[in-house]
Structure formats: structure tokens, C-alpha cells
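Asker: Our numbering runs 299 ahead of the 1-based position in the sequence shown. Beta carbons: idealized from backbone N, C-alpha and C, even for Gly. Take a look at this one; I'll ask things after.
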Amino acid sequence: MTSRVIAIDGPAGSGKSTTAKAVARRLGLAHLDSGALYRAATLAALDAGAEMSGTAIVALAKSLPVRLDLTDDGFRPEVAGVDVSTEIRTDRVTERVSEVSALPELRVWANEELRSAAASHPRGVVMDGRDIGTVVFPDAAVKVFLVANGEERARRRLLQMGLSTDSGSVRKKTEDMAERDRKDSSRAVAPLTQADGAVLVDTTNLDFEEQVDRVVEMGRKAFS
Ligand code: CDP
Numbered sequence: 300m301t302s303r304v305i306a307i308d309g310p311a312g313s314g315k316s317t318t319a320k321a322v323a324r325r326l327g328l329a330h331l332d333s334g335a336l337y338r339a340a341t342l343a344a345l346d347a348g349a350e351m352s353g354t355a356i357v358a359l360a361k362s363l364p365v366r367l368d369l370t371d372d373g374f375r376p377e378v379a380g381v382d383v384s385t386e387i388r389t390d391r392v393t394e395r396v397s398e399v400s401a402l403p404e405l406r407v408w409a410n411e412e413l414r415s416a417a418a419s420h421p422r423g424v425v426m427d428g429r430d431i432g433t434v435v436f437p438d439a440a441v442k443v444f445l446v447a448n449g450e451e452r453a454r455r456r457l458l459q460m461g462l463s464t465d466s467g468s469v470r471k472k473t474e475d476m477a478e479r480d481r482k483d484s485s486r487a488v489a490p491l492t493q494a495d496g497a498v499l500v501d502t503t504n505l506d507f508e509e510q511v512d513r514v515v516e517m518g519r520k521a522f523s
């Protein structure tokens, strides 16, 4: 049986979240950004000064709790009942999130949270991340692997953050993102890789509307 899930995976800054959000709105589904859950767990661990071990962070995440709260159009990351949507995007979280996400115990906890959050939405979800099509929902109705050239991804991320896109900033951001991709792709559990049956979409030369249209089309076919 296929799940009412559109899985969008890909490297940092490939446009997964913005695409997933727009696709969800067009199809009347909820958007779920799985990276937000890993980021929220990382933020909680940093704030608590927790030992960076899977057991310690899972215990902390369960007790606070760290969770995704269902809102009108998607899911909001919360730590102890507080919305952390903004704080999870700060550099101190981004710098440590790949290390935390590589902990196997943490991934078991996150997968349970992601599956139960998806099940709590009656119409279905568009979920983006690194291992949605490979591990979390291998039976997703649609699987997309979104890629783009490294410099283009860095430029988009700087624009999204309202920062300068001069050549020095783009170079530095490209290096930081390549390092995170390297960690995410080389970890032992659930590495970033194109899932079986995933459609590769290279967005380097696509405009945003085009890339959203492609995924919406796949969703309409799969759900009709
Ligand atoms: O949006 P961006 O590409 O910066 O990353 P994100 O989706 O917010 O994910 C942040 C980090 O969480 C990634 O670099 C991965 O280390 C981890 N992650 C993961 O391991 N598995 C997922 N399904 C989603 C995110």
C-alpha cells in the first residue's frame, strides 16, 4: 500500500522546504519539514548543555518535549510548548545539526515522531528531508530527489536569509553547505541518497513555479 505522502529529499539549500510548502498548499496537504525536528532536538540539546549522545538527547527530547505541532497549513517545531521556528535556523544550530542527526537512537525517535505527525493529518503530507523516500516513507506515493548546483544553492540560501550574495559570501556558504552534505551523505544510518523510484529534479535552471508545477503534477497523478 502506498502512503498519502509526497517525499522530497535532497541536499542543503536545494529548495526542498519552499517547494514542499508550495506543493502542499496547491494540493491541500500539510507541509512537514523533517529537518525542523532534527534542528529542534539540536537546539534543545545545546540549550540544556546535554551530553551529545543519542540516549541523552532522546531522553531530553521526550521529556521537554521536542515535537511538531499541527497548525492550519503544516507543522510547527516546539520545545517545551514554545515555538522555535526562528531559533532553529541560527548558525549555532546549523553547525551542530548534522552531528546530532547522525546519532542512530535519535533517528529512531525522529522517525516515530514523523510518522505519527503524518498520520495525524487526514489529507496527507508533503514531507521534506534527507531520508524520507528511503527510510521514513519508502512507500510514499511520490518521491522526488531535488538537486541544484552548489553555488546556486548557496546563493539562494543567502538570499533567503537576507544576506549579501557577493562572491566571498557565496564561496564561504558553498563550502559550509558542502561540508554538511558530506556529513549527511557519509553517515552510517540513513545517509542522504536518491531513493529507489525517486524522480531526480535539477532546479539549477528551473524557476520556482516550474519546479513546483512538476511536483504538483506528479502528486495529482498519484492521488487521482
Ligand atoms: O534546510 P536545510 O537544507 O538547511 O536543512 P534541513 O532540512 O533543515 O535539515 C537540517 C539537517 O538535519 C540536515 O543537514 C541533516 O543533518 C538533518 N536531517 C536528517 O538527517 N534527516 C532528515 N530527514 C532531515 C534533516
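Per the contact definition of three or more C-beta pairs closer than 8 angstroms, is the stretch 407 to 423 in contact with the stretch 460 to 467?
Answerer: Touching, no.
Asker: Let me confirm a value: phenylalanine 436 is counted as buried when at least 16 other C-beta atoms fall within 10 Å, else exposed. Which label applies?
Answerer: With 16 or more other Cβ atoms within 10 Å, it is buried.
Asker: Any heavy atom of ligand 1 inside 7 angstroms of the beta-carbon of arginine 481?
Answerer: Answer for arginine 481: no, Cβ out of range of ligand 1.
Asker: How big is the Cα-Cα spacing for alanine 477 and glutamine 459?
Answerer: So the alpha carbons of these two residues sit roughly 18 angstroms apart.
Asker: Among residues of its own chain, excluding the 5 on either side of threonine 354, which ones have a beta-carbon nearer than 8 angstroms to its beta-carbon?
Answerer: For threonine 354, where only same-chain residues beyond five positions count, the Cβ hits under 8 angstroms are Glu404.
Asker: Quick check: what's the CA-CA separation for glycine 373 versus valine 322?
Answerer: Answer to the nearest angstrom: the Cα atoms are 12 angstroms apart.
Asker: With distance defined between alpha-carbon atoms, name the residue in Thr341, Leu336, Glu350 nearest to arginine 366.
Answerer: Nearest C-alpha to arginine 366: Leu336.
Asker: Quick check: is any heavy atom of ligand 1 less than 7 angstroms from the C-beta of valine 515?
Answerer: Outside the cutoff, so no.
Asker: Decide if the stretch 368 to 384 is in contact with the stretch 309 to 317; the criterion is three or more beta carbon pairs, one per stretch, under 8 angstroms apart.
Answerer: Short answer: they don't touch.
Asker: By the 10 Å Cβ neighbour count, where 16 or more other Cβ atoms means buried, how is valine 407 classified, buried or exposed?
Answerer: Answer is exposed; the Cβ neighbour count stays below 16.
Asker: Would you check whether ligand 1 has a heavy atom nearer than 7 angstroms to the C-beta of arginine 324?
Answerer: No; taking the cut-off as 7 angstroms, the Cβ of arginine 324 has no heavy atom of ligand 1 nearer than that.
Asker: What residue range does the alpha helix (DSSP H) around serine 327 cover?
Answerer: Just to set this straight, residue 327 is glycine in the shown sequence, not serine. Per DSSP, glycine 327 belongs to no alpha helix (DSSP H) and is neither H nor E.
Asker: Restricting to runs no shorter than 3 residues, where is the beta strand (DSSP E) found entirely within the stretch 392 to 448?
Answerer: Entirely contained in the stretch 392 to 448, the beta strand (DSSP E) runs reaching 3 residues are, in chain order, 424 to 428, 439 to 446.
Asker: Tell me whether glycine 348 is buried or exposed, calling it buried when 16 or more other Cβ atoms sit within 10 Å of its Cβ.
Answerer: Looking at its Cβ environment, which holds fewer than 16 other Cβ atoms inside 10 Å, glycine 348 is exposed.
Asker: What are the partner residues of arginine 375, as DSSP defines its beta bridges?
Answerer: Arginine 375 pairs with Asp368.
Asker: Would you kindly work out how many angstroms separate the C-alpha atoms of asparagine 448 and aspartate 506, rounded to a whole number?
Answerer: About 14 angstroms.
Asker: So for serine 302, helix, strand or coil by DSSP?
Answerer: Strand at serine 302.
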